[in-house]
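Below: one structure, written as structure tokens.
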Amino acid sequence: MDSVGLIAAMPQESAALLRCIKGGERVQLGAYRGWHFQLLDRDCLMLQSGMGLQRATDATRFLLTQVHPQFLVSFGIAGAVNPDLNIGDGIVAASSCLLDKGLPGQFQPLASLSTAAWNAAAQALQGLGAHLFSGTAITTRGSQVIQPQLGALPHPILEMETAGIARVAAENGIPLLSIRSISDGPRSPIPFDLEAVLDEQDNLRLGKLLMMVIRRPWMILQARRMTQNSRKAADFAAVALVAAFRQPSPILTS
Numbered sequence: 001m002d003s004v005g006l007i008a009a010m011p012q013e014s015a016a017l018l019r020c021i022k023g024g025e026r027v028q029l030g031a032y033r034g035w036h037f038q039l040l041d042r043d044c045l046m047l048q049s050g051m052g053l054q055r056a057t058d059a060t061r062f063l064l065t066q067v068h069p070q071f072l073v074s075f076g077i078a079g080a081v082n083p084d085l086n087i088g089d090g091i092v093a094a095s096s097c098l099l100d101k102g103l104p105g106q107f108q109p110l111a112s113l114s115t116a117a118w119n120a121a122a123q124a125l126q127g128l129g130a131h132l133f134s135g136t137a138i139t140t141r142g143s144q145v146i147q148p149q150l151g152a153l154p155h156p157i158l159e160m161e162t163a164g165i166a167r168v169a170a171e172n173g174i175p176l177l178s179i180r181s182i183s184d185g186p187r188s189p190i191p192f193d194l195e196a197v198l199d200e201q202d203n204l205r206l207g208k209l210l211m212m213v214i215r216r217p218w219m220i221l222q223a224r225r226m227t228q229n230s231r232k233a234a235d236f237a238a239v240a241l242v243a244a245f246r247q248p249s250p251i252l253t254s
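Read left to right, the sequence shown gives residues 1 to 254 (this note's numbering).
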């Protein structure tokens with residue numbers, strides 16, 4: 001039986017997939033929360049890494065001490081760079097890079113969906129009023145500011161984990177698939193400077209965030225909209241992932 005390792009950063013992302021599959025056996029993997037389940041004839045182990053590049057890197061390394069999967073999956077939510085994507089649209093990243101001080105590092109090619117898996121995921125999203133695109137995963141420390149040339153990439157998205165997972169996957173010769181759904185973007189931005197409210201370990205500085213809210217009370221309504229969009233995006237990413245995984249051969253490697 002094929003095995004698959006999945007990395008989700010946040011509880012809302014892992015919870016969305018668990019709702020979609022209607023189950024999953026909870027397992028404790030060291031310091032990490034994990035779940036074991038099957039999709040079609042694949043044995044799946046999902047680990048919740050926590051937010052940020054280093055946590056995702058460490059979690060992936062730990063996951064590979066527990067199982068040697070045929071491929072890895074980075075999934076969850078992401079922000080759109082350009083206004084051509086809507087909330088809930090899905091992105092299968094053809095490559096990823098790490099953004100440091102506004103400049104991209106080396107691009108790492110990623111696995112893609114097979115034709116059958118792509119069509120299944122696209123059809124599932126279409127039924128929800130969303131679309132599936134091929135894009136580029138740009139891993140940041142929360143910064144929403146990028147150089148103009150990156151905006152010219154095919155459907156660039158901002159997230160905080162994939163480059164770390166991709167590095168570990170490449171070191172171990174394991175294909176990595178990245179499926180994300182749009183939770184924010186130019187037309188529905190995050191109402192605060194995410195990078196400013198994270199410390200060096202990507203922990204949320206609650207005091208900093210509270211001061212922002214006190215100075216700008218209208219952020220409360222914007223934050224509520226952001227929460228709703230994030231849940232929608234996490235649900236849509238899970239729907240696309242499960243639809244793709246129900247196909248006999250879901251991925252093509254680079």
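The beta-carbon is built from N, C-alpha and C at its ideal position, and this holds for glycine as well. These numbers come from a predicted model, not from an experiment.
- Restricting attention to Arg55, Ser3 and Gln12, the CA atom closest to the CA of Val168 is found in Arg55.
- For Ala238 and Phe75, the gap between their C-alpha atoms comes out near 8 Å.
- With a minimum length of 3 residues, the unbroken runs of beta strand (DSSP E) contained wholly in the region 152-182 fall at 156-159.
- Note on the region 87-117: there is no whole alpha helix (DSSP H) run with a minimum of 4 residues.
- Cα atoms of Asn86 and Ala117: separation of roughly 22 Å, rounded to the nearest angstrom.
- Closest by C-alpha distance to Asp184, out of Leu158, Leu241 and Ser112, is Leu158.
- Between the alpha carbons of Asn172 and Pro83 lies a gap of roughly 36 Å.
- Leu110 and Val242 have their C-alpha atoms roughly 19 Å apart.
- In the DSSP secondary-structure assignment, Cys20 is not bridged to any residue.
- Only residues of its own chain outside the window of five on either side were considered, and among them Pro83 have a CB closer than 6 Å to the CB of Arg187, listed in chain order.
- Between the region 2-21 and the region 38-56 there are three or more inter-stretch CB-CB distances shorter than 8 Å, so the stretches are counted as touching.
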